[in-house]
Every structure is written in structure tokens, then in C-alpha cells.
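Colleague:
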Amino acid sequence: MERIILSHSAIMCFLNNQIQFKKRYIAKVYDEPSSPALAVGKAMHKMIEERLKGQSIEVAIQSGLQEIENIADYEIDYGKTGSREKIIDQYQKLSTIVINELPTYNDILAIEDRVECELSIHNKKIPMKGYIDVVRDLGDTLEIIDWKSVTSYSDEDTENWAYLIQSWIYVQLIEFKYKKPVSRVVFKEIKKTINRDGMPQIKDYVLDRHGIEEANDVIGRVVKAVSDYVDNPNATYFPNPRDMMNGAQSMHIVAQMEGITVRTVHTTERREKFAPVNTVVAEDIADDNGSETERIMAKLVEFGVGGRIDEIVKSSAVDTYLLKPNRGVKMSKLASMGDDLSLALGSDAVRVIAPIYGTQTVGIEVPHEQSFPKFDGKATSHQIPIGVDTMNNVIYDDIAKMPHMLIGGQTGSGKSVFIRNIIQSLNNCEVDIIDMKGLDFEDLGKNIISEVPAALMLIKKLVHLMDERYKNKRVNAKRRVLIIDEYADLVMQTGKEKHEIGVFDENGKFKTKTTTIDTRKQLETDLTRILQKGRAANINVIIATQRPSADIVAPIIKANCPVKACLRVATAKNSEIILDESGGERLLGKGDMLYLGSGMVKPVRVQCFSPIEKGESK
Numbered sequence: 242m243e244r245i246i247l248s249h250s251a252i253m254c255f256l257n258n259q260i261q262f263k264k265r266y267i268a269k270v271y272d273e274p275s276s277p278a279l280a281v282g283k284a285m286h287k288m289i290e291e292r293l294k295g296q297s298i299e300v301a302i303q304s305g306l307q308e309i310e311n312i313a314d315y316e317i318d319y320g321k322t323g324s325r326e327k328i329i330d331q332y333q334k335l336s337t338i339v340i341n342e343l344p345t346y347n348d349i350l351a352i353e354d355r356v357e358c359e360l361s362i363h364n365k366k367i368p369m370k371g372y373i374d375v376v377r378d379l380g381d382t383l384e385i386i387d388w389k390s391v392t393s394y395s396d397e398d399t400e401n402w403a404y405l406i407q408s409w410i411y412v413q414l415i416e417f418k419y420k421k422p423v424s425r426v427v428f429k430e431i432k433k434t435i436n437r438d439g440m441p442q443i444k445d446y447v448l449d450r451h452g453i454e455e456a457n458d459v460i461g462r463v464v465k466a467v468s469d470y471v472d473n474p475n476a477t478y479f480p481n482p483r484d485m486m487n488g489a490q491s492m493h494i495v496a497q498m499e500g501i502t503v504r505t506v507h508t509t510e511r512r513e514k515f516a517p518v519n520t521v522v523a524e525d526i527a528d529d530n531g532s533e534t535e536r537i538m539a540k541l542v543e544f545g546v547g548g549r550i551d552e553i554v555k556s557s558a559v560d561t562y563l564l565k566p567n568r569g570v571k572m573s574k575l576a577s578m579g580d581d582l583s584l585a586l587g588s589d590a591v592r593v594i595a596p597i598y599g600t601q602t603v604g605i606e607v608p609h610e611q612s613f614p615k616f617d618g619k620a621t622s623h624q625i626p627i628g629v630d631t632m633n634n635v636i637y638d639d640i641a642k643m644p645h646m647l648i649g650g651q652t653g654s655g656k657s658v659f660i661r662n663i664i665q666s667l668n669n670c671e672v673d674i675i676d677m678k679g680l681d682f683e684d685l686g687k688n689i690i691s692e693v694p695a696a697l698m699l700i701k702k703l704v705h706l707m708d709e710r711y712k713n714k715r716v717n718a719k720r721r722v723l724i725i726d727e728y729a730d731l732v733m734q735t736g737k738e739k740h741e742i743g744v745f746d747e748n749g750k751f752k753t754k755t756t757t758i759d760t761r762k763q764l765e766t767d768l769t770r771i772l773q774k775g776r777a778a779n780i781n782v783i784i785a786t787q788r789p790s791a792d793i794v795a796p797i798i799k800a801n802c803p804v805k806a807c808l809r810v811a812t813a814k815n816s817e818i819i820l821d822e823s824g825g826e827r828l829l830g831k832g833d834m835l836y837l838g839s840g841m842v843k844p845v846r847v848q849c850f851s852p853i854e855k856g857e858s859k
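Numbering (the numbering used here), first residue to last: 242 to 859.
Here is the structure:
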């Protein structure tokens, strides 16, 4: 008989129904078609795999779509109302949300790691295999990550035996291969339906090493029982052939039969995006921070807001207190408490994010003395190093994907340093600068224009260049980036101007005629054309202004700049002009910004890098 190598799927099939196991793994005649949900799950899994391997968002999403297209119609049970079109539609809607929630890792040891070996379980050599999605190297220990498509999130207070069995098997396999202990297994659950209540699309279910080890004996016995059944398929084992219980229920009964008590495994739920390794648990906060925590909680209690602070994340500009409010607390009430918390803490810029996008957690950002992060010089190609967010993640953006950016920030906000860093990172691009002050970027060796007529002429030339590239299909032409600083000054110096021109009348006599030229309209028309069509011609525009107001930043200009950076501004209205939301007025200045990058759903708070020196971005 062909050698059967056991896996988590095989063991769960055995626990679900012994007959199915015999058909699928022993007789090899199991041919049940996949469900639409499974097809979407496979596509999501492929998308995540490719993204973690470094592929672009577009390529990753397309790879998942290809996974669906590779499944034949006869392999899917569509049911009465399903169709391939519905599967693709669900995948496309879900993938764009999920991919923006994906965490970034700098410590991945393996992706889609296939491990096969012979394990000694209860004095029996049993061949086992597994396909592990992600293995992270945390230094002294390893972490295993597995992606799951689910209809609803797992209850953290309920034992998930299916996860526990899978964790146990994966730990045995990975530790055998890498000779290094696994500290925890993280199941990242992807909700198969789009949440409309602000909940995340990805939630963590975490099993720590201690909890997994507690189940060693009972799971080992079950794995050995499955192996014994493979050796003797005529044997019987609980659950019986007609029992249709799921594996979790079966495991509870098996544990009782074996006389083994397994305590509840410690589980947590958390967005990786908001939980880096260097976070601090509230119980471990030092005394000097404890008073601040107490003042925050005292003020919350004063206003009838209960909850607990689970973590404090320290970044270069702020300490972020992650508050999990009690049930029934309205987010609108928390969001309005910034001024009250500022007064309680003696700070002028406490900011409340209620909730942190995709979570049920509230972020309370308390500023401290700023330290400007230095760029480490790892950006490549058209990447722009933006800065470091409040969770200590380095934020990049790609000029090729933006395609255009709108920047707002008053004097002292750090706008010039931010623009300078952008210019320094664009080593593979041809850069034109319109700077109405003409002072900030003189040392960079770029084409700098500070006069209105020359600025209008440059924009007109870029329109012609764009049209020429379209006409000649030069889609791979060298990227050209136009940066306009002090856009408000440029707009204010344009308008309706009277000009004398020479014309011939109906009798052929030459005479002069006065005509009016609206240079502001010309500016907005030409600039809008570039913003609307420039991406395909490798032409990008970055617009910056100290005075973000509705009369300066025309709606059509704003609408065509999907990437936005709001540094400190004077009023909430100024912030709304840039971001469509307030918050910029509560920033610290000196490079503290709210950044809405390409592919982002909500802006994130970022501390701009200190000035990047020439050549550092490569």
C-alpha cells in the first residue's frame, strides 16, 4: 500500500468522519467539489503569499485572480445562486481591503514552507507533513503564521481545537527542521464578508507555547490513533463512522475518554499593524509613566468612560496609549476628548483616534520631546521614504503608484524638509521645481523656477510633453516629476490680465487690440490635464502650500491628488481641505504629519525623517 503521510487536514478529516478519511486518504476516491468560499480563500491565500514575497499590490491581487481562473467550473459547487462572476466580485472587493491591512515583516525566515519528516509520537515513528504559510525568526525563538478565511472571527474565550491540533503539528515540524523553539502560532483570520461596522478584516487568534504544550499528550494520542487506523483500516475509533461532529467537539470527548484535562489556551486578538514587537504591556509600565496612565484613566472615568489601557507604544514623537473601552462607550464621545486630555496631561496636542482603523481599540497619542528618525538608506527605484509611524513602522511610497501628491503645512511644520527628502529620493527621475520663494532648494542642483510666466510656460511644456508621449506611445519614457512649492503664492499671482495684441481689421489695416487672458484659469486647466492623464505618461505632480484653503486648492486639483500629506496647519478647516478630516491642527510641527498614501484607506500619523543627504536613498 502507498505510504500515507499524515497532515493536519488528514487528522481533522479523520475526526470529522472516519468514512470520509478512508475514501480520501486510503482509497483515494474522494472527489467532492470545492465551495465558492474555498475558491475565494485560495485566491486570498495566493495574494497574501505574493505580497509577502515583495510583489506589488497590483501583481499580488492579479495572482489571486489567476488562482480562481485556474479552477475549472466542474471543480466548484456553485449552488443554486452562485457563479464564477460572483466569486471574482467577492474576491476583488475583499482583496483591496485585506491587502491594505497586511502587516509588513522584516524577519521572515520562510514563506510557504513545505516540511516533511518522521516524528516520534508515543514511541511510534509517524510520517508527517505540513505547508506553513510564514515562519518568522524572532531571535531566540520562531513564530508561525497561518492565514485562515473565516465566516466569523473565533471567540477568544472558546477553545479552538482545530487550531490547537494544527499548531501542535506545525510546531513539531518546524522545530524538527530549524532546531529552534517556536514561541507561538498566530492564526490570522480573514473575514470572508466585508465588515460595515468598522471592524478589521483581519484578526489574530494566538496560541502561545505553554498552551500548546499542555495538549501534548492528548493530541499525540489522537495522531497515533490515526496512524494506527492507517495501518489497520478495519479498526474503529471514536468518533464512529456515522458521527458528523466537527473536530473541536470530538476532541473534547476524546480528552474526556482519555482522562486528560486541558486548560483553556491563552488567546488574543490583535491587528499586527498596530502591535509591533516593541510594545509595552500596561502592567509592566515603569513608575514614571504610571502617573500619566493614571491621569488618562482618571479623566476618562470622570467623563463616564471605562476601559483598560493594554499597551503603550513609544515612537519618535508620541506615546500611543492603546485603550480598549468598555462595551457601550460611544466612539464619538472618546473622539471629542482630545482637549480635556490635553488639559489633564499638560500637553497642547493630545490626539484621540476613535477607533484606530480596523480595530475596536482607541489610540490616545500623547506627544513627548521629538527625536527625528534618520533614514537608513534602503529605499530603491522610485520609492519615497516618508517617515516612521506611531507604531515604529518605516513608511515608504512609490512615485509610480501615487501618482500625484498634495501637501499642506504652515511655517515651522517641516514641509520644506519633507519636500527636500522627496527630491533627494528621486534619483532616477527628472525633477522640475516651481518655488515661488526661490530659496529652499537652491543647493540641490535642480531646475528651479520662481517667476509666474516661466512657471506657466513650464506647465504648458509638460502638457505638450505628455501629449507627445501619448502620441508616440512612449509609456516607458524617463519619469518626470513636477514639484510646486508655495502653490498659494503662484495662484495668487495669476488672474485676469490685459494684453495689447496686433491684428488686421476687415480692410487689411493693422491695429492694436486689448484682450484679457485669465492666467489662473490657464494654470488650473493645464495642471488638471497633467493630473488627470500624467500617470500613464510617467509624469507626476507634487503640490505643496502653506495656505490650504478652498479658494486656493480647487476641488478638481484636490480630487486628482489621491496621496495627501497634512503637516501642522492653523485650523481644523485647513486640515479638512487636505485630508477631508480634522487633526492636522493638533500636530506638533517639525515633520509631524498625517499621511494618506497610495493604497491607504485612512491617514496614518508619521514623523518625517531628518534631512536626507544626497545619495542616501539608494
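Cβ coordinates follow ideal geometry from the N, Cα and C atoms, glycine included. Computed from a prediction, not measured in an experiment: that's the story for all the values here.
Compare the Cα-Cα distances from residue 333 to each of 370, 605, 731 and 282 and report the closest residue.
Modeller: Nearest of 370, 605, 731 and 282 to residue 333, Cα basis: 282.
Colleague: With distances taken from CA atoms, which of 812, 658, 666 and 655 is nearest residue 638?
Modeller: Per the Cα distances, 666.
Colleague: Please look up how many angstroms separate the CB atoms of residue 779 and residue 721, rounded, as I've assumed it's under 8 Å.
Modeller: About 7 Å separates the two Cβ atoms, so the contact holds.
Colleague: Between residue 688 and residue 700, how many whole angstroms is the CB-CB distance? I'm expecting something under 8 Å.
Modeller: About 13 Å separates the two Cβ atoms, so there is no contact after all.
Colleague: On the DSSP letters alone, give me the boundaries of the alpha helix (DSSP H) that residue 287 sits inside.
Modeller: Per DSSP, residue 287 belongs to the alpha helix (DSSP H) from 277-293.
Colleague: Going by Cα to Cα distance, which pick from 809, 329, 824 and 844 is closest to residue 833?
Modeller: Comparing Cα positions, the closest option is 809.
Colleague: Looking at residue 309: is its Cβ nearer than 8 Å to the Cβ of residue 471?
Modeller: Cβ distance not < 8 Å, so residue 309 and residue 471 don't count as in contact.
Colleague: Mind reading off the beta-carbon distance from residue 704 to residue 771? Whole number of angstroms is fine, and I expect it under 8 Å.
Modeller: At roughly 6 Å, the Cβ-Cβ gap stays under 8 Å, so residue 704 and residue 771 are in contact.
Colleague: Under 8 Å, do residue 607 and residue 556 count as touching if we go by C-beta distance?
Modeller: Cβ distance not < 8 Å, so residue 607 and residue 556 don't count as in contact.
Colleague: According to DSSP, which residues form a beta bridge with residue 624?
Modeller: In the DSSP output, where bridge partners are listed per residue, residue 624 has 639.
Colleague: With a 10 Å radius around its C-beta and 16 neighbouring C-beta atoms as the bar for buried, classify residue 456 as buried or exposed.
Modeller: It is buried - the Cβ of residue 456 has at least 16 other Cβ atoms within 10 Å.
Colleague: Check residue 825 in the structure and name its three-state DSSP category.
Modeller: It is helical.
Colleague: Taking residue 417 as the reference, which of 426, 299, 361 and 800 has the closest Cα?
Modeller: Comparing Cα positions, the closest option is 361.
Colleague: Can you tell me which of the three DSSP states residue 356 falls into?
Modeller: Strand at residue 356.
Colleague: Taking only three categories from DSSP, how would you classify residue 206?
Modeller: Since the first residue shown for the chain is 242 and the last is 859, residue 206 is missing from the structure and cannot be characterised.
Colleague: Apart from the five residues just before and just after residue 576, which ones in its own chain have a Cβ nearer than 6 Å to its Cβ?
Modeller: Closer than 6 Å at Cβ, skipping near neighbours: 593 and 595.
Colleague: Might you give, ordered along the chain, the residues of its own chain that have their beta carbon closer than 8 Å to the beta carbon of residue 391, omitting 5 neighbours on each side?
Modeller: 430, 431, 432 and 433.
Colleague: Contact defined as beta carbons within less than 8 Å: I believe residue 356 pairs with residue 373. What is the distance between those atoms, to the nearest angstrom?
Modeller: Contact flag correct, Cβ pair sits at about 7 Å.
Colleague: Where does the unbroken alpha helix (DSSP H) through residue 389 begin, and where does it stop?
Modeller: It is not in any alpha helix (DSSP H) - residue 389 instead sits in the beta strand (DSSP E) that spans 383-391.
Colleague: Helix or strand or just coil, what does DSSP make of residue 711?
Modeller: It is helical.
Colleague: Comparing the CB of residue 393 with every heavy atom of the ligand ATP, is any distance shorter than 7 Å?
Modeller: Inclusion of the ligand ATP in the displayed structure is not the case, the ligand content being empty and no account of it being possible.
Colleague: For a quick check, are the C-beta atoms of residue 422 and residue 379 less than 8 Å apart?
Modeller: Cβ distance not < 8 Å, so residue 422 and residue 379 don't count as in contact.
Colleague: Which one of 294, 275, 322 and 790 has the shortest CA to CA distance from residue 315?
Modeller: It is 275.
Colleague: Thinking just about the alpha-carbon of each residue, which of 662, 650 and 728 is nearest to the one in residue 792?
Modeller: Checking every option, the nearest Cα to that of residue 792 belongs to 728.
Colleague: Identify every residue that forms a DSSP beta bridge with residue 676.
Modeller: Looking at the DSSP assignment, residue 676 forms a beta bridge with 726.
Colleague: Note down, one range per segment and in chain order, each beta strand (DSSP E) of at least 3 residues found wholly within the stretch 426-463.
Modeller: The qualifying runs are 443-449.
Colleague: For residue 786 and residue 815, what's the separation of their Cα atoms in angstroms?
Modeller: So the alpha carbons of these two residues sit roughly 11 Å apart.
Colleague: Assuming residue 806 and residue 597 make a contact with CB atoms under 8 Å, what is their CB distance in whole Å?
Modeller: No, residue 806 and residue 597 are not in contact; Cβ-Cβ is about 20 Å, not under 8 Å.
Colleague: For residue 604, count neighbouring Cβ atoms within 10 angstroms of its own Cβ and tell me buried if that reaches 16, exposed if not.
Modeller: Per the 10 Å Cβ criterion, buried.
Colleague: Please name the residue or residues paired with residue 563 in a DSSP beta bridge.
Modeller: BP columns for residue 563 point to 552 and 604.
Colleague: Counting along the chain, where does the alpha helix (DSSP H) carrying residue 574 start and finish?
Modeller: Its alpha helix (DSSP H) spans residues 572-576.
Colleague: Thinking just about the alpha-carbon of each residue, which of 406, 365, 574 and 426 is nearest to the one in residue 469?
Modeller: With distances taken between Cα atoms, residue 469 lies closest to 365.
Colleague: In terms of DSSP beta bridges, what is residue 423 paired with?
Modeller: In DSSP, residue 423 forms a bridge with 383.
Colleague: Are the Cβ atoms of residue 736 and residue 769 separated by less than 8 Å?
Modeller: Contact flag unset, no.
Colleague: Taking buried to mean at least 16 other C-beta atoms within 10 Å of its own C-beta, is residue 320 buried or exposed?
Modeller: Answer is exposed; the Cβ neighbour count stays below 16.
Colleague: In three-state DSSP terms, what is residue 394?
Modeller: Residue 394: coil per DSSP, three-state reduction.
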